[in-house]
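Peer 1:
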Amino acid sequence: MRTPTGSSPTALNRTSALPARYRSPRSAGLSLAAVLGTVALTAGCQVAEGERPVETPSVSAEDVTAVPTPSDLDVVPVIDVSAGGPQDTDAVWQGLAAAAEAGQNAYVHAWIHTYQEVPEEGEVSLTPDTPDSVTLTVDDASAVTAGEEGFFLIDATVGVEQLGDSAFVLTVEDTETRSELLPKGPDDEARCTASDGNERIQAASQVLADVLREDDAEQREQLRLQWGASPAVWWGIQRTAISLVDTDGDTAGDFLLEACTPFLDGEAPADEDDDEASDDAGGDSTGDEDASLGDSADS
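Position 174 of the sequence shown, counted from 1, bears residue number 974 in the numbering used here, the numbering being contiguous throughout.
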């Protein structure tokens, strides 16, 4: 298994300041959870007559960089983040199935979310940690890179063999990254710590939920190009959208918080005035702090 270098997720530059609203690691997580959690309460809900419908958060438009597919490309590009779950919601599974059916090699740049143990040598099998997911077996661990905790990248040109309905064997031909085919845009850290990051991520989840309901492949591709350079966030957006669709808007899950937590915890500057006030109060304030945070989360 390759060690991430350069701009890969575990080599992110963590020197940029967080927005001022993130006062501490714990309050940062709660703040994000509270804001992102509103997806479950608002997106896709039925509105009774006379009630004001809840709208998708209003954010300014982003420039989306087009990534043309070369006319002479001799492989099937499978460049996405696996959402996990059944084939109809997993673009990676769909792309590999298309390559296998056509009898063509594929260029795979695919992120998989799983907490399984992954060997550093030999054969590697990856299965997203969502029920009913596909299993991808790569014959050479050098084609697999660990990202943030729970994320692994398969990056290689491969031969594709489908075994049954939900398993593929990927035989590595070469491990050269084809950067010209990859989405361009902010990485996970930039997305999660942007001043309007909460609103943009929430809005994208709600938009993708509508895209899934309408089976709009063209709009889904635009979202992939917009968010694909931030794989953890794109995974969270997909899982949230799927949950909203499956529950008629009742449940969003905590996927967005899970995606952004590595970039929030431990990164916020300490509030010295608050610390001094706490010390002056005397005694062990841990219990009071927990109660206060709990009340804040509930509200």
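The beta-carbon is built from N, C-alpha and C at its ideal position, and this holds for glycine as well.
Just curious, the alpha helix (DSSP H) that residue 870 is in, first and last residue?
Peer 2: That residue, residue 870, is in no alpha helix (DSSP H); it is neither H nor E in DSSP.
Peer 1: Give the secondary structure of residue 925 by DSSP, where H, G and I count as helix, E and B as strand, and everything else as coil.
Peer 2: DSSP places residue 925 in strand when its eight states are reduced to three.
Peer 1: Taking the straight line between their C-alpha atoms, what separation do you get for residue 885 and residue 893?
Peer 2: Distance between the alpha carbons of residue 885 and residue 893 is about 10 Å.
Peer 1: Of all the options 965, 876 and 1000, which has the alpha carbon lying nearest to the alpha carbon of residue 887?
Peer 2: Nearest option by C-alpha distance: 965.
Peer 1: Whole angstroms are fine: how far does the CA of residue 875 sit from the CA of residue 1055?
Peer 2: Residue 1055 and residue 875: Cα-Cα distance of roughly 32 Å.
Peer 1: For residue 911, count neighbouring Cβ atoms within 10 angstroms of its own Cβ and tell me buried if that reaches 16, exposed if not.
Peer 2: Burial call: buried.
Peer 1: Residues in the same chain with beta-carbon distance under 8 Å from residue 1013, minus the five sequence neighbours each way, listed in chain order, please.
Peer 2: Correct list, in chain order: 1045.
Peer 1: For residue 830, which of helix, strand or coil comes out of DSSP?
Peer 2: In this prediction, residue 830 scores a pLDDT of 36, lower than 50, which makes its location untrustworthy; the coordinate-derived value is nonetheless stated afterwards. Three-state DSSP puts residue 830 in a helix.
Peer 1: Suppose contacts are defined by Cβ-Cβ distances below 7 Å. Is residue 928 in contact with residue 937 by that definition?
Peer 2: Against a cut-off of 7 Å, the Cβ pair of residue 937 and residue 928 comes out as no contact.
Peer 1: What is the DSSP secondary structure of residue 943, counted as helix, strand or coil?
Peer 2: Note: residue 943 maps to helix in three-state DSSP.
Peer 1: Quick check on the DSSP output: the beta strand (DSSP E) that includes residue 861 runs from which residue to which?
Peer 2: That residue, residue 861, is in no beta strand (DSSP E); it is neither H nor E in DSSP.
Peer 1: What separation, rounded to the nearest whole angstrom, lies between the Cα atoms of residue 926 and residue 935?
Peer 2: If I take the Cα positions, the gap works out to 6 Å.
Peer 1: By DSSP, does residue 1012 sit in helix, in strand, or in coil?
Peer 2: In the structure shown, residue 1012 sits in a helix (DSSP, three-state: H, G or I).
Peer 1: Can you give the Cα-Cα distance for residue 972 and residue 1050, rounded to whole angstroms?
Peer 2: Computed Cα separation, rounded: 42 Å.
Peer 1: Kindly indicate the opening and closing residues of the beta strand (DSSP E) around residue 1058.
Peer 2: Note, residue 1058: premise wrong, no beta strand (DSSP E); alpha helix (DSSP H) at 1055-1064.
Peer 1: Do the CB positions of residue 881 and residue 908 come within less than 7 Å of each other?
Peer 2: Going by C-beta atoms, residue 881 is not nearer than 7 Å to residue 908.
Peer 1: Quick check on the burial criterion: 16 or more other C-beta atoms within 10 angstroms. Buried or exposed for residue 890?
Peer 2: Counting Cβ neighbours within 10 Å, residue 890 comes out buried, since at least 16 surround it.
Peer 1: What does the alpha-carbon distance come out to for the pair residue 944 and residue 959?
Peer 2: If I take the Cα positions, the gap works out to 15 Å.
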